[in-house]
């Protein structure tokens, strides 16, 4: 026989001011949420997720085993929100944060915690936000860009590469290097190549390559 | 009778780890051996086509047996056969080796004078990108000489 248990009732009704297509101000009244545990002897919990900084606070709901890691919650949340974690779901740079009353957003969560461990922390919340960071790729190295605009010099340094030794190229098949001190606007998932210069050797044979 | 010949100690644990990390990141890289010589074999290096006859090439470069001790990487081999602008590339002109049942020809593409592969900062990953520059004719300091 399944059990039901009210976990949390969010009684507060919030008004979020937005502007409709006509330019007129509209108010969205957020639904009151009653979170109920159903069955499974409380082995699962219902979680809701939204995108960090989503003005409309669109939520997706799903159930997760309490033994699951928050890494799995982030992965499932991203699927429900139809977004892709970078660089991959196994080792994401993206973040999961708790969302508390009055939409207060918490600090990034430790993804190694189990959901049960997280739900034991005060204040308790079953609502999380998925933060998609400004992840960029330099060769095979993924980094989180600290600013929306960066110079190629700063991007190389972010990747641990010396601007004195490497040139940065974008798009990746570009032949001309980016000017090192001209800022470029970054977008999530942007891929660069950082290359050391080369030189041609002898023509027509005779070279050997030994270990 | 005991073999008293002295052989160079193989020190490529760092290279193995780098290649494993590259493979885990999605790059088709593997360590292969031909006799006592280890090589990095990298598949699917993108090239502009034309002038190259295909968009993806396999390359190979020897891992020095003292790589972990700071012996630098240099040059690479291109899998045969290939075609460049209807013929051969005048810098794909070195010795031919057989590794992993394929033939490979040495490419004359090196680090510039005074700016060699630096074991302190450079890696197998950075060497692969350096090799990719050859296909793109990118970053060749003596391109017009």
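Protein chains in written order, with our numbering: chain R, 1 to 211; chain W, 1 to 145. Glycine included, C-beta positions come from ideal geometry on N, C-alpha and C.
Using the DSSP secondary-structure output, state which residues sit across from residue i in a beta bridge.
i                     : result
residue 150 (chain R) : R:184
residue 61 (chain R)  : R:48
residue 193 (chain R) : R:169
residue 33 (chain W)  : W:38
residue 137 (chain R) : R:142 and R:191
residue 103 (chain W) : W:98
residue 128 (chain R) : R:49 and R:98
residue 69 (chain R)  : R:114
residue 199 (chain R) : W:110
residue 105 (chain R) : R:99
Closer than 7 Å by beta-carbon distance: list the chain R residues that pair up with residue i, in chain order.
i                     : result
residue 133 (chain W) : 195 and 198
residue 98 (chain W)  : What residue 98 (chain W) touches in chain R: nothing, since even the nearest Cβ is about 14 Å away.
residue 25 (chain W)  : 140
residue 129 (chain W) : 139, 193, 194 and 195
residue 22 (chain W)  : 140
residue 101 (chain W) : What residue 101 (chain W) touches in chain R: nothing, since even the nearest Cβ is about 19 Å away.
Please compile the residues from chain R whose C-beta is within a distance smaller than 8 Å of the C-beta of residue i.
i                     : result
residue 139 (chain W) : 167, 177, 195, 196, 197 and 198
residue 85 (chain W)  : The premise fails here: residue 85 (chain W) is roughly 15 Å from chain R at the closest Cβ pair, so nothing lies under 8 Å.
residue 41 (chain W)  : Those within 8 Å of residue 41 (chain W) in chain R number zero; the least Cβ separation is about 14 Å.
residue 115 (chain W) : 165, 196 and 197
residue 78 (chain W)  : Within chain R, no residue comes near residue 78 (chain W); the closest Cβ sits about 12 Å away, beyond 8 Å.
Could you tell me the distance, in whole angstroms, from the CA atom of residue i to the CA atom of residue j?
i                     : j                     : result
residue 158 (chain R) : residue 65 (chain W)  : 31 Å
residue 113 (chain W) : residue 138 (chain W) : 17 Å
residue 16 (chain W)  : residue 81 (chain W)  : 28 Å
residue 20 (chain W)  : residue 60 (chain W)  : 16 Å
residue 2 (chain R)   : residue 139 (chain R) : Its pLDDT being 43, under 50, residue 2 (chain R) is placed unreliably by the model, and nothing is read from it.
residue 191 (chain R) : residue 179 (chain R) : 16 Å
residue 101 (chain W) : residue 48 (chain W)  : 26 Å
residue 39 (chain R)  : residue 47 (chain R)  : In this predicted model, residue 39 (chain R) has a pLDDT of only 48, less than 50, meaning its place in the structure is not dependable; the value taken from the coordinates is given anyway. Roughly 15 Å between the two C-alpha positions.
residue 100 (chain R) : residue 54 (chain R)  : 15 Å
residue 164 (chain R) : residue 194 (chain R) : 12 Å
residue 144 (chain R) : residue 98 (chain W)  : 42 Å
residue 75 (chain R)  : residue 160 (chain R) : 28 Å
residue 181 (chain R) : residue 27 (chain W)  : 30 Å
Which chain W residues are close to residue i, counting only those with a beta carbon under 8 Å from its beta carbon?
i                     : result
residue 201 (chain R) : 75, 91, 108, 109 and 110
residue 173 (chain R) : 46, 48 and 136
residue 48 (chain R)  : None at all; the shortest Cβ gap to chain W is about 32 Å.
Please name the residue in the options whose C-alpha comes closest to that of residue i.
i                     : options                       : result
residue 78 (chain W)  : W:69, W:11, W:68 and W:95     : W:95
residue 10 (chain W)  : W:93, W:37 and W:49           : W:37
residue 40 (chain W)  : W:49, W:85, W:86 and W:126    : W:126
residue 236 (chain R) : R:128, R:56 and R:66          : Given that chain R is displayed from residue 1 to residue 211, the structure contains no residue 236 (chain R) and the question cannot be resolved.
residue 136 (chain R) : R:171, R:46 and R:77          : R:171
residue 42 (chain W)  : W:129, W:13 and W:72          : W:129
residue 49 (chain R)  : R:127, R:71, R:100 and R:91   : R:127
residue 57 (chain W)  : W:44, W:63 and W:51           : W:44
residue 254 (chain R) : W:55, W:83 and W:97           : Outside the displayed range of chain R (1 to 211) lies residue 254 (chain R), so it cannot be described from this structure.
residue 23 (chain W)  : R:141, R:175, R:147 and R:97  : R:141
residue 52 (chain R)  : R:44, R:68 and R:103          : R:103
residue 73 (chain R)  : R:57, R:56 and R:95           : R:95
residue 108 (chain W) : W:83, W:89 and W:52           : W:89
residue 63 (chain W)  : W:104, W:13 and W:50          : W:13
residue 68 (chain R)  : R:118, R:162, R:177 and R:124 : R:118
Against residue i, what residues of chain R qualify as contacts under a CB-to-CB distance less than 9 Å, listed in chain order?
i                     : result
residue 125 (chain W) : 139, 140 and 141
residue 33 (chain W)  : Going along chain R, no residue has its Cβ under 9 Å from residue 33 (chain W), so there is no contact; the nearest lies around 11 Å.
Compute every distance between the C-beta of residue i and the non-hydrogen atoms of the ligand MG, then say whether any falls below 7 Å.
i                    : result
residue 69 (chain R) : Judged by which ligands are present, the structure shown has none, so any question about the ligand MG falls away.
Cβ contact check for the stretch 105 to 122 of chain R and the stretch 148 to 155 of chain R: 3 or more pairs under 8 Å:
Too few Cβ pairs lie closer than 8 Å, so no.
ask   = Would the stretch 183 to 199 of chain R and the stretch 120 to 138 of chain W be scored as touching if the rule is three or more Cβ pairs under 8 Å?
value = With the rule of 3 Cβ pairs closer than 8 Å, the stretch 183 to 199 of chain R counts as touching the stretch 120 to 138 of chain W.
- Message: Across the stretch 60 to 76 of chain W and the stretch 103 to 121 of chain W, are there enough close Cβ pairs to call them in contact, namely three or more that are closer than 8 Å?
- Response: A contact exists between the stretch 60 to 76 of chain W and the stretch 103 to 121 of chain W.
Segment contact flag, the stretch 100 to 108 of chain R with the stretch 60 to 67 of chain R, C-beta cutoff 8 Å, min 3 pairs: Verdict: no, contact absent.
*asked:* Using 8 Å as the cut-off, can you tell me whether the stretch 127 to 135 of chain R makes contact with the stretch 81 to 97 of chain R, which would need three or more C-beta pairs spanning the two stretches below that distance?
replied: Judged by Cβ distances under 8 Å, the stretch 127 to 135 of chain R makes contact with the stretch 81 to 97 of chain R, as three or more pairs qualify.
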